[in-house]
Structure formats: C-alpha cells, structure tokens
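Reviewing the structure listed below.
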DNA sequence: GCTCGATTTGTTGTATACAATGGTGCGTGG
DNA sequence: CCACGCACCATTGTATACAACAAATCGAGC
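Chains as they are written, first to last, in this note's numbering: chain A, 1 to 231; chain B, 1 to 231.
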C-alpha cells in the first residue's frame with residue numbers, strides 16, 4: 001500500500017522473512033489462503049520471487065502449496081508441536097552436557113544477572129519482547145557449545161514452535177516463573193551440577209509447553225470464530 | 001541423453017532428489033560448478049523447475065548459488081561434519097531414552113536377527129547397500145519413538161553426513177564391528193538397560209565417525225588431484 | 001613487453017506469456 | 001426439487017524473453 005517499491009527492490013529472501021513473520025505472529029492465520037498474485041502485488045514484484053519465498057516456506061512446513069488451488073497456511077497440529085518440543089528437549093539436554101564443564105563463569109554470571117528473579121519486570125513487558133528474551137536465553141546456551149550447526153537446529157525447532165510458544169507469555173503469570181526457572185538452571189551450572197540443571201531445564205520446558213498448548217487451544221477456537229463470519 | 005522426456009515430464013522434486021543423490025554420491029564432487037542451463041538440458045526441462053530444485057538444495061546447505069556466477073557444490077567442511085555428528089548423538093541419545101522402556105520386544109528381536117554378528121556377510125556387500133542398512137538401523141530406532149518429527153530431523157542430519165558416512169564402509173574392516181556394535185545395543189535394550197545402551201551407541205557413532213572422517217581426508221586429496229588435471 | 005581499460009560473453013535474477021487443471025456455478029433434465 | 005454434466009474462471013506450473021552484472025578477453029597505449 002504505502003509505496004516503498006521504487007529505490008530498493010524487495011528480494012526473495014526479504015519476502016520469505018516477512019511472510020514467515022506474518023505467519024508466526026498470526027497475521028496470516030492458520031488455514032488462510034494466499035495467492036501468488038496477491039503477494040506479488042503487495043510486495044510490488046512479479047510472481048517469480050514470491051514463488052521462491054513460498055517454496056522455501058513450504059519446504060519448511062509453514063504452508064502447503066496445493067497445485068492449481070492456492071497456498072494455505074498450515075493448521076496448527078498440537079500433536080506435531082509436541083513432537084517438536086521433544087526434539088527441543090533432546091537438543092537442549094545435550095547442550096547442557098556439552099557446556100556443563102566448560103562454559104565460562106563470566107558468561108554464566110551475565111545470564112544470571114539477566115534473569116535474576118528480583119529483577120522480574122512488574123508490569124509485563126510486550127509479549128514479543130519477552131519471547132525474544134526467552135529464546136535468547138536458550139540460544140545463548142546453544143551458542144556456548146561453539147557448535148553452530150547444533151545452534152541452528154535449535155533455532156529451526158524454535159521457529160516451528162514459536163507460534164505456540166509466544167502464547168506462553170500472554171499469560172502474565174508465566175513471566176515470574178520463567179525468570180526463576182532460568183535463574184535456577186544457571187545456578188546449577190555455576191555449581192557444575194549438570195545433572196540437576198538437566199532436570200530443572202526439562203521441567204521448565206515441559207511446563208511452558210503445557211501452558212502454551214493450553215492457550216493455543218483457546219486461541220484456535222476464537223480464531224475459528226472470527227474466520228466463521230468472514231465470508 | 002537416452003531420451004525419456006516424452007511421456008513423463010520430470011518434476012522439480014525429482015530433479016531435487018536426483019541432484020541430491022549425485023552430490024551425496026560424489027558424482028558431482030565438492031567445488032564443482034553447474035549452471036542452470038546445463039541441468040535444464042540434461043533433464044529436458046526449462047530453467048524454472050531446475051531453479052526450484054537448486055534453491056531447495058541451497059537452502060539445505062548442499063550447494064551455494066553465487067549471483068551471476070553459477071552454482072557450486074559445497075566443499076566438505078570436516079569441522080562442520082563434526083558438529084552434525086554431535087547433533088546426531090543428541091538425537092539418538094534421546095531416542096534411546098524414549099524407546100527404552102517401551103519398544104516392543106518383537107521389533108527388537110527383528111533388529112537383533114538382522115544384525116546378528118554371526119550373519120556378518122563374508123565378502124563385503126556393495127557400499128551403498130551397507131550404508132542403507134546402517135541408516136535403516138538408526139532410523140528404525142527413531143521410528144520406534146512414534147515421533148515423526150524427531151525421525152525427520154535425524155534423517156536430515158543423516159543426509160548431511162551421508163557424504164562422509166558412506167566412506168566408513170569402504171573400509172571393509174568396519175563392517176564386522178558395525179554388526180557387533182548394533183547387536184550389542186539391541187541386547188542392552190532387550191535387557192532394558194538404557195544407560196548401557198546409550199554408552200555403547202555413543203561410542204559406536206564416534207568410532208564410525210572417526211573412521212569416516214579419516215577416509216574423507218584421503219578421498220578429498222585424491223579428488224583434488226583429479227580436479228587438478230581436468231582443465 | 002606490460003598494464004590498464006573497454007567490450008564481450010556467460011550466468012543468474014526478474015517479468016511475462018502460455019499451458020494445464022481443479023473448483024465453482026449455472027443450466028438442463030428427470 | 002434434486003442430481004448431473006458442462007463451461008468458465010481462478011490459480012499454479014512451465015517456458016521464454018529480457019535485465020543486470022561479474023568475469024574474462026582482447027586491444028590500445030605507454
């Protein structure tokens with residue numbers, strides 16, 4: 001609409017990222033249908049770069065391209081989300097093993113300060129802000145392994161559960177426990193007690209997953225109600 | 001060449017799979033350059049479906065598309081391969097935890113029979129055959145978790161190390177140990193001793209990784225020697 | 001003979017025209 | 001009133017023409 005298509009032509013990668021953001025933030029809600037022409041007009045380019053972006057998104061499972069019909073944002077499949085969470089636990093458990101004896105103390109202190117329960121924000125921060133902070137915590141642990149491939153797999157898994165995970169923090173009462181649980185994990189790492197850190201982190205992930213999935217069910221119901229009256 | 005392009009038009013997905021196979025089997029060796037037109041002619045289609053396949057392969061890291069220059073098969077980066085092996089261990093360790101107490105006995109017996117050391121083939125089977133069997137073993141464990149997402153991540157990791165892993169079995173002396181080690185893991189699972197199974201499986205993976213990486217170094221050297229005299 | 005620059009060539013990036021096909025709605029017949 | 005079939009339309013799949021640009025090549029000048 002607001003024509004910013006003259007000087008910088010929108011690249012396929014940028015289209016990909018913007019579409020992914022729209023999907024992950026529910027701007028394009030599950031089940032919605034988009035056509036290549038629509039998006040091409042929207043971004044001020046031809047169908048070619050749009051197709052490239054859509055194919056990437058389809059390959060990653062965010063939407064499905066049905067031949068001669070259109071592109072449909074994939075429905076949220078809670079059973080599948082559960083499976084992604086299981087993969088996440090697999091990766092994060094190994095991450096703790098890898099960094100347990102080796103992660104530098106200063107870096108641990110930095111995280112501890114960042115998640116000090118006494119600094120829990122009183123009036124909840126913006127949801128997206130909180131999600132980014134949370135994902136940052138877990139990715140920081142991954143990065144500390146020095147294994148970029150491992151970190152990128154965790155990032156990939158995170159993206160796939162992001163759409164659900166962000167709902168965890170719409171419930172304000174999850175913010176304080178998140179601070180406390182993150183802090184506890186760091187304390188165990190400082191004490192070089194990897195086993196305890198593992199137990200705590202797994203419980204933390206499962207707790208947040210449960211809350212997020214619960215909220216998702218409600219969200220989906222209301223989303224369907226909205227979709228009901230559109231046509 | 002042998003014109004089979006009339007009745008069935010080659011789909012982008014098929015192009016993708018065939019190219020991937022060519023890369024993983026060293027038919028297109030690391031560093032080689034291919035152009036879209038070349039491949040389009042080869043498969044008897046236009047550049048469009050070829051581009052689709054190449055973009056998927058690039059997204060998965062198998063090749064890099066350099067603007068206005070060409071597509072280059074990615075070099076093998078042994079440090080990166082190491083990182084993939086670490087992810088593989090993370091996933092497989094969790095897989096053992098998940099199936100430990102639950103995998104049905106008959107399925108375990110099936111695998112035990114399949115990898116009975118006494119049935120080790122005397123004159124080595126074809127390398128690709130052995131690799132497929134090996135990957136099948138590990139994917140069978142993954143499938144037994146009932147977690148399709150987890151299994152697909154393991155498959156993805158396997159694909160990325162396949163190019164190196166297959167070399168493990170060019171050394172005939174690795175075949176017997178593979179049978180023995182697989183068999184041992186299954187025995188521990190039958191005894192419901194998950195912890196022992198984990199230890200054995202991790203050692204097994206690390207051993208095969210070490211051999212594979214060693215052979216890769218030699219292979220790369222000879223490959224470079226070949227490439228030397230091509231132009 | 002050597003160096004630097006313009007031109008040519010080859011390759012990917014983008015736009016567009018055309019082909020193939022699934023879905024929809026309308027009309028007809030029972 | 002309902003069921004069935006046919007034509008039209010919307011949408012993706014494919015081919016091709018054109019644009020943009022990097023590298024190599026060739027030539028001119030010193």
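Yeah, the Cβ is synthetic: ideal placement off N, Cα and C, and Gly gets one too.
None of these values were measured; they are calculated from a predicted model.
Within the segment 127 to 148 of chain A, contact with chain B at the beta-carbon level (separation under 7 Å) is assigned to 147, 148.
Taking each of B/19, B/166, B/169, B/164 in turn and checking the Cα distance to residue 73 of chain B, the smallest one comes out for B/19. A residue is called buried when at least 16 other Cβ atoms come within 10 angstroms of its Cβ; residue 195 of chain A does not meet this threshold and is exposed. Taken in chain order, no unbroken stretch of beta strand (DSSP E) lies wholly in the segment 140 to 221 of chain B with a span of 3 residues or more. When A/59, A/45, A/64, A/117 are compared, the shortest CA-CA separation from residue 179 of chain A is found for A/117.
DSSP places residue 66 of chain A in the uninterrupted beta strand (DSSP E) bounded by 63 to 66. Look at the beta carbons and you see the segment 142 to 157 of chain A not touching the segment 127 to 134 of chain A: under three pairs across the two are nearer than 8 Å.
The beta carbons of residue 96 of chain A and residue 198 of chain A sit closer together than 8 Å.
By the C-beta density criterion, residue 175 of chain A is buried, having at least 16 other C-beta atoms within 10 angstroms. Taking a Cβ-Cβ threshold of 7 Å, the residues of chain B close to residue 52 of chain A are 55, in chain order. Beta-bridge partners assigned by DSSP to residue 73 of chain B: B/63. Bounds of the alpha helix (DSSP H) holding residue 88 of chain B are 78 to 100.
Along the length of the segment 22 to 51 of chain B, whole alpha helix (DSSP H) runs at least 4 residues long occupy 36 to 43, reported in chain order. When C-beta atoms of the segment 157 to 169 of chain A are compared with those of the segment 206 to 216 of chain A, three or more pairs fall below 8 Å, so the two segments count as touching.
For residue 117 of chain B, there is no enclosing alpha helix (DSSP H), as DSSP gives it neither H nor E. The Cβ atoms of residue 151 of chain B and residue 139 of chain B sit closer than 8 Å to each other. Judged by pairs of C-beta atoms under 8 Å, the segment 101 to 111 of chain B does not touch the segment 42 to 57 of chain B, as fewer than three such pairs exist. Here residue 126 of chain B carries a coil assignment [DSSP, helix/strand/coil]. Interface flag for residue 93 of chain B against chain A is set, since a Cβ pair is found closer than 8 Å.
Residue nearest to residue 10 of chain A within the set A/26, A/28, A/52, A/29 is A/52 (criterion: CA-CA distance). Closest option to residue 209 of chain A, judged by alpha-carbon separation, among A/80, A/41, A/153, A/67: A/80.
In the three-state DSSP reduction, residue 9 of chain A falls in the coil class, being neither helix nor strand. The criterion of a C-beta distance shorter than 8 Å is not satisfied by residue 47 of chain A and residue 154 of chain A.
Taking 8 Å as the upper bound on Cβ-Cβ separation, chain B lies near residues 80, 83, 84, 86 of the segment 74 to 86 of chain A. In its chain, beyond the 5 residues on either side, 194 have a beta carbon closer than 6 Å to the beta carbon of residue 100 of chain B.
Think of a sphere of 7 Å around the beta carbon of residue 59 of chain B: the chain A residues whose beta carbon falls inside it are 56, 59, in chain order.
Among the CB atoms of chain A, none fall inside 8 Å of the CB of residue 183 of chain B. Excluding residues up to 5 positions away in sequence, 177, 181 lie with their Cβ nearer than 8 Å to the Cβ of residue 207 of chain B in the same chain. Contacts with chain B at 8 Å (Cβ-Cβ) include residue 153 of chain A. The beta carbon of residue 189 of chain B sits no closer than 8 Å to any beta carbon of chain A. Around the beta carbon of residue 86 of chain A, 16 or more other beta carbons lie within 10 angstroms, which makes this residue buried.
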